[in-house]
Structures are given as structure tokens and as C-alpha cells.
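The listed protein sequences correspond, in order, to chains A and B. Take 1093 as the starting number for the first sequence in the working numbering and just add one per residue. Take 29 as the starting number for the second sequence in the working numbering and just add one per residue. Cβ coordinates follow ideal geometry from the N, Cα and C atoms, glycine included. Before any comments, here is the structure.
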Amino acid sequence: GAVVSQHPSRVICKSGTSVKIECRSLDFQATTMFWYRQFPKQSLMLMATSNEGSKATYEQGVEKDKFLINHASLTLSTLTVTSAHPEDSSFYICSARRNRQGVDSEAFFGQGTRLTVV
Amino acid sequence: GNSVTQMEGPVTLSEEAFLTINCTYTATGYPSLFWYVQYPGEGLQLLLKATKADDKGSNKGFEATYRKETTSFHLEKGSVQVSDSAVYFCALLTGTASKLTFGTGTRLQVTL
């Protein structure tokens, strides 16, 4: 299957600083990438949909000024958590879909980033 | 709107036991259905999928059949192994939507 690489896998930062998480599709082009947040023992919550070359579409309740998403190329999307606070500590996962349309356009997931804000 | 309901976990089984994890859905249109697996500290991996009614997805001994009449996609495995311990997510995707809708996940713990 296709490979999606997410970096870093773990990061610890101080409260008030910003953290950038990268999501790369290594062997395919991804017009669309998705960013999820996963709380302990809960499902994945979609935060935003990232389209190459355009602004991200955020889900209701997600602060776009706090979670900055940039999808500069067909293989790279970044999520920046700005002015991080302890409540932002979570597991963040990205997903990328191939350029093919329709239901066979499978989503591939990165390995996730564990963010801890102290 | 779309939604996926999974049985609550955790599910604890002995090795070689039979596994069923229930999943039902509501959706507009004709969704594709997926099972993803998440091992500790990792992202999600696609386990299997089915794109139309009566299709059976299978992989690594796991199976699930797309049942339109009962709007279900239950995951089964005849003989689980310790290495199957993980969280399993049922999900759906409709043809016109670009977003996966996930269930809450079911944690499986397999013991010797």
C-alpha cells in the first residue's frame, strides 16, 4: 500500500510555543489530506480537510487560527499548533487520499504524532 | 447524516477464540465500508473494505460482509492471536463525500 509519513512521532513543547507537524505522501500524489485528533479511548475527530493550493476547510468547533494548516504541494501538508496549551495535548493523525475520484480512493494514514504540552 | 456505531469495548479473548466486533451504520446513499486497525502508539492501517452490498472484505484472517438489509459490517476472525490486540475502527465513506466517518473504536485484548 501507499505510504504516508508523519513527523515527528512525538513532541514535547512548552506552553505558549508553536509546534509544526508534517504529513508527507511518499509514493503518491495526494490532492486531499485530512487532519484528525484522537483523545484517549475515543474515536478520531476530523479537524480539517486540506486541499493542495487552497485554504483548508475546518470542521465546526475547530479554531483555524490555532490550528494552521498548509498544503503547499501534492505530497506535503503541515499542521501548526500555535500558542500551544496543555489542553492541546493529544494524538494527531494525518491521512492522505490519492488523486483518484470515487469510493476506491483509499485513505492512507500517517503513524500519528503524540503532542504533549507542558 | 452519516454515523457508525460500534460495540463498546474492551473485548478480552483468549488466544484462538472466535472474534466478532459489531458495526452498524446509517448513511445517505450507498457507502463503502471499512475496518481500520490501530496498534498501540501508531496510526491507522486499513484492514479490509467492501464497496457494495453483499461484498465480503477479508485480510489476515479477518472478514466482514456488507449487509445492506441490516446496515451492518461486523468484523469476524475465527482464531485470534495475541498480535491481534489493537483498537479496531469501523468507518464509512459515501461516494460524494470526501470524509471518512469513524465509529468510536473497539479495543481488543487477546491473552495467552
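- Query: Going along the chain, which unbroken runs of the beta strand (DSSP E) with 3 or more residues stay wholly within the region 33-88 of chain B?
  - Reply: Entirely contained in the region 33-88 of chain B, the beta strand (DSSP E) runs reaching 3 residues are, in chain order, 39-42, 47-49, 51-54, 60-66, 72-78 and 84-87.
- Item | Sequence-distant residues of its chain with Cβ nearer than 6 Å to B:Tyr-53 (five each side left out) | Here B:Tyr-53 has Val-32, Thr-99 and Leu-120 as same chain residues with Cβ atoms under 6 Å from its own Cβ, once five neighbours each way along the sequence are excluded.
- Length of the line joining the Cα atoms of B:Gly-131 and B:Glu-36: If you take the alpha carbons of B:Gly-131 and B:Glu-36, they lie about 10 Å apart.
- Task: Starting from A:Gln-1203, find everything on chain B with Cβ-Cβ shorter than 7 Å and list it in chain order.
- Result: Listed along the chain, the chain B residues whose CB falls inside 7 Å of the CB of A:Gln-1203 are Glu-70 and Gly-71.
- Does the beta carbon of A:Phe-1126 come closer than 8 Å to any beta carbon on chain B? Output row for A:Phe-1126: interface = yes.
- Query: Is the Cβ of A:Leu-1136 closer than 8 Å to any Cβ of chain B?
  - Reply: Yes, contact with chain B.
- Message: Strictly below 8 Å CB to CB, what residues from chain B border A:Ile-1185?
- Response: Within 8 Å Cβ-Cβ: Gly-71 and Leu-72.
- Message: What residue range does the beta strand (DSSP E) around B:Glu-97 cover?
- Response: Counting along the chain, B:Glu-97 sits inside no beta strand (DSSP E), nor does DSSP assign it H or E at all.
- If I'm right that B:Thr-129 touches B:Tyr-116 with Cβ under 8 Å, what's the distance once you round it to whole angstroms? Beta-carbon to beta-carbon, B:Thr-129 and B:Tyr-116 are separated by about 15 Å, too far to satisfy the 8 Å threshold.
- Could you name the residues of the same chain whose beta carbon sits closer than 7 Å to that of A:Gln-1203, not counting the 5 residues immediately before and after it, in chain order? Short of 7 Å from the beta carbon of A:Gln-1203, and not among the five residues preceding or following it, lie these beta carbons of its own chain, in chain order: Gln-1098 and Ser-1101.
- With a cut-off of 8 Å, does the C-beta of B:Lys-127 fall near any C-beta of chain A? Yes, its Cβ sits closer than 8 Å to a Cβ of chain A.
- Short CB-CB distance (under 8 Å) between B:Thr-98 and chain A: Closer than 8 Å: no.
- How is A:Ser-1142 classed by DSSP in three states: helix, strand or coil? It is a strand residue.
- Query: Given that a residue counts as buried once 16 or more other Cβ atoms are within 10 Å of its Cβ, and exposed if not, what is B:Lys-88?
  - Reply: By the neighbour-count criterion, in which a residue is buried when 16 or more other Cβ atoms sit within 10 angstroms of its Cβ, B:Lys-88 is exposed.
- Count the other C-beta atoms from every protein chain shown that fall within 10 angstroms of the C-beta of A:Val-1195, then say buried if there are 16 or more, exposed otherwise. Below a pLDDT of 50, predicted positions are generally treated as unreliable, and A:Val-1195, at 49, falls in that range; no measurement from the model is reported.
- Residues near A:Ile-1104 by beta carbon distance below 7 Å, same chain, minus five either side: Within the same chain, A:Ile-1104 has close Cβ partners Thr-1208 and Val-1210.
- Option in A:Gly-1108, A:Thr-1109 and A:Trp-1127 with minimal Cα separation from A:Cys-1115: A check of alpha carbon separations from A:Cys-1115 across A:Gly-1108, A:Thr-1109 and A:Trp-1127 identifies A:Trp-1127 as the nearest.
- Does any residue of chain A bring its CB to less than 8 Å from the CB of B:Thr-40? Chain A contact via Cβ: absent.
- Task: Count the other CB atoms, across all protein chains shown, that sit within 10 Å of the CB of B:Leu-140; report buried if there are 16 or more and exposed otherwise.
- Result: Exposed.
- May I ask which residues mark the beginning and end of the beta strand (DSSP E) holding A:Lys-1112? Looking at the DSSP string, the run of the beta strand (DSSP E) that includes A:Lys-1112 is 1111-1117.
- Backbone secondary structure at A:Val-1195 - three-state DSSP: The predicted position of A:Val-1195 is uncertain, since its pLDDT is 49 and thus under 50; a value taken from the coordinates is nonetheless stated next. Coil, per DSSP.
- Rounded to whole angstroms, how far is the Cβ of A:Thr-1170 from the Cβ of A:Lys-1112, which I believe are closer than 8 Å? The C-beta distance from A:Thr-1170 to A:Lys-1112 rounds to 6 Å, short enough to fall under 8 Å.
- Message: With the cut-off set at 8 Å, would you say B:Gln-108 and B:Leu-61 are in Cβ contact?
- Response: Before going further, note that residue 108 of chain B is Val rather than Gln in the sequence given. In this structure, B:Val-108 lies away from B:Leu-61, with their beta-carbon atoms at least 8 Å apart.
- Item | A:Val-1154, DSSP secondary structure in three states | It is coil, neither helix nor strand.
- Message: Let me make sure I understand the geometry here. Which of A:Ser-1117, A:Thr-1109, A:Ser-1110 and A:Ser-1107 has the alpha-carbon closest to that of A:Val-1095?
- Response: For the options A:Ser-1117, A:Thr-1109, A:Ser-1110 and A:Ser-1107, the alpha carbon positioned closest to that of A:Val-1095 is the one of A:Ser-1117.
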